[in-house]
Amino acid sequence: MDGSGAVLYCTIKRASHQQVPNATVSLLQRKPRAGSSREGERERESERERKAGGKTESREDMETWKWLMKVAGTSVILLLAVLKVGLTFWWRPRRIEEHFSKQGIRGPPYRFFIGNVKELVGMMMKASSQPMPDCSHNILPRVLSFYHHWKKIYGCTFLIWFGPTVRLAISDPDLIREILVSKSEFFEKNESHPLVKQLEGDGLLSLKGAKWAHHRRIISPTFHLENLKLMVPAVASSVANMVEKWESMSTSSGDVEVDVSEWFQDLTEDIITRTAFGISYEEGKAIFKLQAQQMVLAAEAFQKVFIPGYRFFPTRRNLYSWKLDRKIKKSLVGLIERRKSKAWEGAEEEVEGGPRDMLGLMIRASTQSSAGVSVNDIVEECKGFFFAGKHSTSNLMTWTAVLLAMHPRWQEAAREEVFRVCGARHPPSKDDVVKLKTLSMIVSEALRLYPPVIAMIRRATADAELGSYKIPRGTEILIPVLALHHDQSIWGNDANEFNPARFAEGLARASKHPFSLVPFGLGVRNCIGQNLAILQAKLALAIILRRFKFRLSPKYQHAPTVLMLLYPQHGAPIVFSRLVNQEAPHDQGSHYGCGSKMAAKV
């Protein structure tokens, strides 16, 4: 082996001696690192599991917390609802009963949720199912049976519960005067049912506060007697047309039987059209025909009034009613705009210095007022005029005709007066109508016995004193007009008898209290059209009395009932007999009809 080989050998040998231990160390070191890696993985896996478990637990805790919050929230809502129900339907009624009981005012006990409605409806249904004597005017037990019954138990001032709503029934004329006159600012008109409000419009019938006062101030001149007299020819024309139809229907004996309740509704509809629209009669007739259809639909909807929200359902009837409402408003707006243009151009027809009709009078009044009223305001007033005027006036005519048919001596007295005052003038003039005193007495007695509105409701807007009573805010006041009109302590022992003679010296001396006759309300919110209704009734009856004598049909059933207003449930069939040569007949006594105990006073 040469030297280079020896060197190489030594180098390799040295390297081998040095590297083996290093490799061994490296291998020994590598083994523990592999074990640590597995343990680390396990630790990391455990850590991940712990973290995942923590997240799961956290998520479960969050869900549990949310659930508890929902339960707590629901519990709070349910608790509040229970408290609200308890407050409204139990605690508050008990407190009100206690409040009035301390003042000596009681009533039938409040029943949870329903109040006295069950007993009230039961009494009304029972009373309406029983027949009445044909000649009896004691209609309170039938028409307001609940009031008649409870008054005998609790007196003339007592509580009635319509569900949780309390109504304080009051028939004391002194208290009624306070409610309607001296303290009327504390007792506002109750809100009309939405179905009624759609018909009556957003005018004088439903407005309140400053806007109502503004409208009343502007429209009042329209209903002044001198302006109403201008409408006599239009009213007479409508009545004459009706009477001519009756004559054409009469038999060879000159008799004709008609249901005056239906005929008088058609008559007042025609009269309202003429007096409201006059020169725009045909357009007005078309508009009011639409409104008459709407009234029929509303009457049908009233039968479903206890179905919550029924008026909002898109039923066929409701859709048609909504369409009618839009069409009525559109037609009225167009008509009013055309009439206003004519008024500005000076082309509006007038008579004796004033417009010929109600619409013209309202347009003139609105233009002369500094603030004025909008076209929409006049639209709403026209709707209310038709709604209020049609049924109140037709009912007044119907009941007056029925009463005259029942009491022929008073019919003869009225006929004699018409011939004496009017003479040969046909129809009667506007001045003649005012002079018909006996007919005025008869109409007043008809309004007393059969008022169009049998009750009024007012609501206390603040805590108020009424006589010696303290009335809490929100209390509704029920004024039973019919009971007031039939009260023997006010009108005498003959309160339930037909006796127009009681009005011989005027309204003030007809009873023991000057505020005991309120067929059209009282005070600032009395019916603005009452003079027009009475004028129409007197003129129509005067024309009929000149042409016919009349008696009740054998088919007539005396059954006064209420559907918004007081009307004959089975109609009012009357037999009319033509007068020969339209001469005033002699007194025919009481050989037909009911006669009258007070006939001797005529």
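Here UniProt numbering is used: the first residue of the sequence shown is 1, the next is one more, and so on.
Just so you know, even glycine gets a beta-carbon here, dropped at the ideal spot from N, CA and C.
For residue i, which residues from the same chain have a beta carbon less than 6 Å from its beta carbon, with the 5 sequence-adjacent residues on both sides left out?
| i | result |
| --- | --- |
| Arg167 | Ile160, Glu476, Leu478 |
| Gly163 | Gly115 |
| Ala23 | Caution applies to Ala23, whose pLDDT of 46 falls short of 50 and renders its modelled position unreliable; the value that the coordinates give is listed next. Once the five neighbours on either side are set aside, Ala23 has no close Cβ partner at all. |
| Arg502 | Ala510 |
| Ala600 | Residue placement at Ala600 cannot be trusted, given a pLDDT of 38 that sits under 50; the coordinates are not used to answer. |
| Met231 | Thr275 |
| Lys549 | Ser577 |
| Gly254 | Ser577, Arg578 |
| Val239 | Ala540, Ile543 |
| Ala464 | Phe186, Ile471 |
Compare the C-beta of residue i against all C-beta atoms of chain B and say whether one is closer than 8 Å.
| i | result |
| --- | --- |
| Glu39 | No chain B is present in this structure, which holds just one protein chain. |
For residue i, write down the residues that DSSP places opposite it in a beta bridge.
| i | result |
| --- | --- |
| Ala257 | Before going further, note that residue 257 is Glu rather than Ala in the sequence given. The partner list for Glu257 (beta bridge, DSSP) reads Val575. |
| Val166 | Trp161 |
| Ala464 | Ile471 |
| Glu300 | DSSP lists no partner for Glu300. |
| Lys189 | Arg458 |
| Thr561 | Tyr567 |
| Ile477 | Leu168, Arg458 |
| Arg551 | Val575 |
| Pro519 | Gly521 |
| Gly115 | Phe162 |
Under 7 Å Cβ to Cβ from residue i, same chain only, skipping five residues before and after it: list those, please.
| i | result |
| --- | --- |
| Tyr110 | Pro93, Glu97, Trp161 |
| Leu28 | In this predicted model, Leu28 has a pLDDT of only 43, less than 50, meaning its place in the structure is not dependable; the value taken from the coordinates is given anyway. Cβ within range, chain order: n/a, list empty. |
| Val333 | Val375, Val379 |
| Thr165 | Glu476 |
| Glu352 | Its pLDDT being 46, under 50, Glu352 is placed unreliably by the model, and the measurement read from it follows with that caveat. Hits under 7 Å: Leu230. |
| Phe277 | Glu283, Gly284, Asp357, Leu359 |
| Ala508 | Pro514 |
| Ser553 | Glu257, Pro573, Ile574, Val575 |
| Trp263 | Met242 |
Under 8 Å by Cβ, that's how I've got residue i and residue j pegged, so tell me the actual separation to the nearest angstrom.
| i | j | result |
| --- | --- | --- |
| Leu541 | Leu447 | Actually they do not touch by this definition, with Cβ atoms about 13 Å apart. |
| Tyr281 | Thr275 | Incorrect: roughly 10 Å between the Cβ atoms, too far for contact. |
| Leu153 | Ala401 | Here residue 153 turns out to be Ile, not Leu, going by the sequence shown. With a Cβ gap of about 37 Å, Ile153 and Ala401 do not count as contacting. |
| Thr398 | Val256 | About 17 Å separates the two Cβ atoms, so there is no contact after all. |
| Val143 | Leu482 | 6 Å |
| Val562 | Ile457 | Not a contact, Cβ separation roughly 14 Å. |
| His558 | Met125 | No, His558 and Met125 are not in contact; Cβ-Cβ is about 19 Å, not under 8 Å. |
| Asn531 | Leu225 | 6 Å |
Smallest Cα separation from residue i: which of the options?
| i | options | result |
| --- | --- | --- |
| Pro560 | Leu552, His570, Ser553, Pro554 | His570 |
| Leu522 | Lys118, Arg59, Glu178 | Glu178 |
| Trp91 | Ala276, Pro108, Phe113 | Phe113 |
| His215 | Leu297, Thr88, Val256, Val373 | Val373 |
| Val434 | Ala537, Thr74, Val258 | Ala537 |
| Lys245 | Leu267, Leu225, Leu484 | Leu267 |
| Ile442 | Thr367, Ser429, Ala504, Asp463 | Ala504 |
| Lys512 | Gln530, Gly492, Asp270 | Gly492 |
| Lys330 | Glu283, Met362, Gln530 | Glu283 |
| Lys151 | Glu41, Gln130, Ser238, Ile105 | Ile105 |
| Leu195 | Lys70, Cys422, Met295 | Met295 |
| Met123 | Ala301, Pro233, Ser145, Leu87 | Ser145 |
| Leu436 | Arg339, Leu535, Tyr469, Met358 | Leu535 |
| Arg551 | Glu412, Leu484, Trp263 | Glu412 |
| Tyr556 | Tyr567, Leu565, Ala572 | Ala572 |
| Asp317 | Gln293, Ile363, Ile328 | The sequence as given places Arg at residue 317; Asp does not occur at that position. The shortest C-alpha separation from Arg317 is found at Gln293. |
| Val524 | Leu565, Ala210, Pro314 | Ala210 |
| Leu335 | Thr315, Phe313, Ser184, Ile363 | Ile363 |
| Ile279 | Ser489, Arg338, Leu80 | Arg338 |
Taking 8 Å as the limit between beta carbons, can you name the residues of its chain near residue i, skipping five residues before and five after?
| i | result |
| --- | --- |
| Phe498 | His137, Leu403, Met406, His407, Trp410, Glu445, Leu449, Ser596, Met598 |
| Cys527 | Ala388, Ser392, Phe520, Gly521, Ala533 |
| Lys31 | Note that Lys31 has pLDDT 49, beneath the 50 cutoff, so the model's placement of it is unreliable and the number below is only indicative. None. |
| Tyr320 | Leu297 |
| residue 604 | Outside the displayed span of the chain (1 to 602) sits residue 604, for which this structure offers no information. |
| Gln130 | Arg142 |
| Cys422 | Pro428, Ser429, Asp432, Ala542, Arg546 |
| Glu45 | none |
| Ala462 | Phe186, Arg473 |
| Met564 | Val196, His391 |
| Lys102 | none |
Check whether the stretch 513-531 touches the stretch 173-186, taking contact to mean three or more Cβ pairs, one atom from each stretch, closer than 8 Å.
The answer is yes - the stretch 173-186 touches the stretch 513-531, with three or more Cβ pairs under 8 Å.
Check whether the stretch 129-149 touches the stretch 178-193, counting contact only when three or more Cβ pairs, one atom from each stretch, lie closer than 8 Å.
No, the stretch 129-149 is not in contact with the stretch 178-193.
Between the stretch 530-546 and the stretch 412-425, do three or more beta carbon pairs fall short of 8 Å?
Output reads yes: the stretch 412-425 touches the stretch 530-546.
Is it true that the stretch 244-257 meets the stretch 395-408, where meeting means three or more beta-carbon pairs spaced less than 8 Å apart?
Result no; under three Cβ-Cβ pairs closer than 8 Å.
Specify whether the stretch 381-390 and the stretch 272-287 touch according to this definition: at least 3 beta carbon pairs, one from each stretch, less than 8 Å apart.
The stretch 381-390 vs the stretch 272-287: in contact.
Are the stretch 319-328 and the stretch 213-226 in contact at 8 Å, needing three or more beta carbon pairs?
The answer is no - the stretch 213-226 does not touch the stretch 319-328, with fewer than three Cβ pairs under 8 Å.
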